[in-house]
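*Asks:*
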Amino acid sequence: MPAGNIREVERVDDEYIPADACPICPKCLKPCHPFQNYCDSCDSNEVINPLASYMPFVRIRFNVGMFCKLWRRICFDENVTTVLRLFYLIIVTLGAPILTIVGLPLLLLGRISEPKLRYVTILTFWIIALIILMMLLYLNLFNGAISSVNIN
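Going letter by letter, the sequence shown gives residues 115 to 266 in the working numbering.
(1) Just mark C136 as buried or exposed, buried being the case when its beta carbon has 16 or more other beta carbons within 10 Å.
(2) Check the Cβ-Cβ distances between N254 and every residue of chain B, and say whether any is below 8 Å.
(3) If you drop the 5 nearest sequence neighbours on each side, which residues of the same chain put their C-beta closer than 8 Å to that of F149?
(4) Nearest to T238 by alpha carbon, out of L223, Y252 and L250?
(5) How far does the alpha helix (DSSP H) with F149 in it extend, from its first residue to its last?
(6) Check whether the Cβ atoms of L184 and I212 lie closer than 8 Å to each other.
(7) So, is F181 buried or exposed, given that buried needs 16 or more other C-beta atoms within 10 angstroms?
(8) Got a sec? Which residues, its chain only, sit under 8 Å from R232 by beta carbon, not counting five neighbours each side?
(9) Straight-line CA distance for C142 to Y152?
(10) Buried or exposed for L247, please, with buried defined as at least 16 other CB atoms from any protein chain shown within 10 angstroms of its CB.
(11) Around the Cβ of A210, are there at least 16 other Cβ atoms within 10 angstroms (buried) or fewer (exposed)?
(12) Which ranges would you report for the alpha helix (DSSP H) in the segment 198-263 if only whole runs of at least 4 residues count?
(13) When the Cα atoms are used, what is the spatial distance from E192 to A133?
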């Protein structure tokens, strides 16, 4: 229970906000439209509209933004140690596995400068993905066939 009388506490007054005030992006400090959820100038994942984190389809970018920041630190930040990179990769893998599944091959492909070698690498990734998919389908069908056999 708070000390003192609650009725004596002053009410917050919003009259000090001018009528022509508009919100600004917390990253680039650019003025934005009041109904805008995210900044279109710097593509920041910080919300401008405080209700954006509660909206079902608008909050996807807000919720995944942390993993995207970690992914950028893994790929492009030179000041991050190898231990921190591995830690960030574990967190991204646990939180957003599709980012690791798609992003890691794209990161490796982006570092290959020769076009012919890049083509061979893409072809190899597709072959490996198809082999894994076929193995999963085979094991699923094989396990399903064994479980459907009745042993009396």
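Built from N, CA and C at the ideal position, the CB exists for glycine as well.
*Replies:* Per the coordinate set shown:
(1) On the sequence shown, position 22 is the one that residue 136 refers to. Of the residues assessed, C136 falls on the exposed side of the cut-off, its CB having fewer than 16 other CB atoms within 10 angstroms.
(2) The question asks about chain B, but that chain is absent: this structure has only one protein chain.
(3) Against the sequence shown, residue 149 aligns to sequence position 35. Cβ within range, chain order: N163.
(4) Working through the sequence shown from its first residue, we reach residue 238 at position 124. Selected option, being the one with the closest Cα: L223.
(5) Position 35 of the sequence shown, counted from the first residue, corresponds to residue 149. No alpha helix (DSSP H) holds F149; DSSP gives it neither H nor E.
(6) Taking the sequence shown and counting its residues from 1, one reaches residue 184 at position 70. Taking the sequence shown and counting its residues from 1, one reaches residue 212 at position 98. Contact: no.
(7) Numbered from 1 along the sequence shown, position 67 holds the residue referred to as residue 181. That one is buried.
(8) Here residue 232 is taken as the residue at index 118 of the sequence shown, counted from 1. Here the set comprises L223 and I226.
(9) Residue mapping note: residue 142 aligns to position 28 of the sequence shown, counting from 1. Residue mapping note: residue 152 aligns to position 38 of the sequence shown, counting from 1. The C-alpha of Y152 is placed about 12 Å away from the C-alpha of C142.
(10) Residue mapping note: residue 247 aligns to position 133 of the sequence shown, counting from 1. Note on L247: under 16 other CB atoms within 10 angstroms of its CB, so exposed under the neighbour-count rule.
(11) Position 96 of the sequence shown, counted from the start, is the residue given in the question as residue 210. By the Cβ neighbour-count rule, A210 is buried, with 16 or more other Cβ atoms within 10 Å of its own.
(12) The segment 198-263 contains these whole alpha helix (DSSP H) runs: 211-224 and 229-262.
(13) To locate residue 192, count along the sequence shown from 1; it is residue 78. To locate residue 133, count along the sequence shown from 1; it is residue 19. Rounded to whole angstroms, E192 and A133 show a C-alpha spacing of 45 Å.
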